[in-house]
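Take a look at the structure set out below.
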Amino acid sequence: MKKVPFCQVVCDGREEQYVIDVLRSGWLTTAGKTLEFEQRFTQAVGANFACAVNSCTAALHLALEALGVRPGDRVFVPTMTFTATAEVVRYLGADPVFLDVEYGTSLLTPAIVEQALRQHPEVKVLIPVHFGGQAAEMTRSDDAGILDLCRQAGVRVVEDAAHAFPARRDGRMVGSFGEITCFSFYANKTITTGEGGMLVTDDEELYRRVKIMRLHGIDRDVWNRFTAAKPSWEYDVVAPGFKYNLPDLAAAIGLAQLERAEALRRERERCARFYLRELASVPGLDLPVSRVPEADHAWHLFPVVLNKHAPVSRNEFITLLAEHGVGTSVHYKPLHRMTYYRERYQLRAEDFPNAERIWQGCVSLPVYPTLGDEDLAYVCDTIKQALDVSRQTNWRRAA
Ligand SMILES: Cc1ncc(COP(=O)(O)O)c(C=O)c1O
138 MKKVPFCQVV
148 CDGREEQYVI
158 DVLRSGWLTT
168 AGKTLEFEQR
178 FTQAVGANFA
188 CAVNSCTAAL
198 HLALEALGVR
208 PGDRVFVPTM
218 TFTATAEVVR
228 YLGADPVFLD
238 VEYGTSLLTP
248 AIVEQALRQH
258 PEVKVLIPVH
268 FGGQAAEMTR
278 SDDAGILDLC
288 RQAGVRVVED
298 AAHAFPARRD
308 GRMVGSFGEI
318 TCFSFYANKT
328 ITTGEGGMLV
338 TDDEELYRRV
348 KIMRLHGIDR
358 DVWNRFTAAK
368 PSWEYDVVAP
378 GFKYNLPDLA
388 AAIGLAQLER
398 AEALRRERER
408 CARFYLRELA
418 SVPGLDLPVS
428 RVPEADHAWH
438 LFPVVLNKHA
448 PVSRNEFITL
458 LAEHGVGTSV
468 HYKPLHRMTY
478 YRERYQLRAE
488 DFPNAERIWQ
498 GCVSLPVYPT
508 LGDEDLAYVC
518 DTIKQALDVS
528 RQTNWRRAA
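Numbering (my numbering), first residue to last: 138 to 536.
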């Protein structure tokens, strides 16, 4: 039987060479390679400052800390996201306010944000997620994009771009619109360092705070102490910071991935176009809605939704595909359904109708650069058979 895994990491650039350079340099932790990775990343997204960290979760935490989020503060978070988006709010003793998302894109829209701002004037920060690699509508020519609305309401914005590098909207890279943007380089992401993340901003003051808090609240990092003329032992602790720095070993992988980022994105786009074409008229299946040109989408995910006409449930569908060697995943079980958030904030499913509709049927299909057209055709055929009522019983027995 053919096997199509859900995810496959591709390191076919200069990763090995750069890692060997670091191993031979004798300096494995945060130093020159990380600095270079930060510099190249600022150029890639068009931001002034970048701070490399060991996860996007760390970046989101540092971003909220730098904005001064404190116990008792409230922060908007979409319910359709990974728990990291909301858990960082709790790290600081603040409380998430969960928002429903748009059906089709799983994004926050200006309309959703506008209503939320009206209903919750006490909220200080919004964390929009560029779900699946598609940028939300952050800016608009009539000043009614998500960033515009938040600016008018005095609400700060931290973009969760864990899925969205490289991605564009209206000709601008994600990372160049807003105040602070956080990216993930976790193993399954569009570019990876194994574990890792990056925070970018144009605001020098925020950057300085993030940089200090990234490494124990120390005013000079070890590399700076090692290379500066001032004695290397001398440093001060100006705040109780964290241990979130990215080592050079990981940055070396990141540099190689960054060189190939657009090529890797294009291959993901090829997978998405294949699915959009081949699955366009399969009954029972809703395809993801793209509000940006295909070339502006990072295509981290290709999430489909089984609608009420599907002859099988989502879980049956996943099992059927697995029985035929096709790996899938689910993005996401929404946070209002997770025990901790549901119980702590007494959340009710009926307050999130779109996320509920997505959750009941959502399945993410394999998307990665090495997924060939033959594999894609196999996935599409398997899906068509799984959703074909007339053939399904016999087909399943044959598997
Ligand atoms: C939307 C979203 N935000 C944040 C994160 C956290 O990223 P990391 O694993 O780099 O901490 C993830 C991870 O998958 C994610 O999907």
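Backbone N, C-alpha and C define an ideal beta-carbon position, used for all residues, glycine too.
Within the segment 288 to 346, no run of alpha helix (DSSP H) reaches 4 residues while sitting entirely inside it. By the neighbour-count criterion, in which a residue is buried when 16 or more other Cβ atoms sit within 10 angstroms of its Cβ, W496 is buried. Contact annotation: S427 and H437 have beta-carbon atoms that are not nearer than 8 Å. Shown here, A181 sits in a helix according to DSSP, grouped into three states. Residues R405, C408, A409, W436, L438, F439 of the same chain have their beta carbon placed closer than 7 Å to that of V504, with the five preceding and five following residues left out of the count.
Here the alpha carbon of M350 sits roughly 45 Å from the alpha carbon of L458. Counting only runs that start and end inside the segment 398 to 445, the alpha helix (DSSP H) elements of at least 4 residues fall at 398 to 415.
Setting aside the 5 residues that flank it on each side, M310 is surrounded in the same chain by A181, V182, G183, P303, A304, each with a C-beta closer than 8 Å to its C-beta; the list follows chain order. Within 10 angstroms of the beta-carbon of G163 lie fewer than 16 other beta-carbons, which makes it exposed.
Between H198 and V214, the alpha-carbon positions lie close to 14 Å from each other. Less than 8 Å separates the beta-carbon of D510 from that of F411. The secondary-structure analysis by DSSP pairs K139 with nothing; it has no beta-bridge partner.
Under the Cβ criterion (8 Å, minimum of three pairs), the segment 200 to 212 counts as touching the segment 225 to 233. Note: F213 is bridge-paired with V234, L263 in the DSSP secondary-structure output. For R485 and F219, the gap between their C-alpha atoms comes out near 18 Å.
Placement of the Cβ of T338 at a distance of 7 Å or more from every heavy atom of ligand 1 is found.
Under the DSSP assignment, S501 falls outside any alpha helix (DSSP H), being part of the beta strand (DSSP E) whose first and last residues are 499 to 502. Per the Cβ contact rule, the segment 312 to 319 is not in contact with the segment 151 to 167 (fewer than 3 Cβ pairs under 8 Å). Annotated three-state conformation of A248 is helix, per DSSP. A189: member of the beta strand (DSSP E) spanning 186 to 190, first to last residue. For S162, the secondary structure class from DSSP, reduced to helix, strand or coil, is helix.
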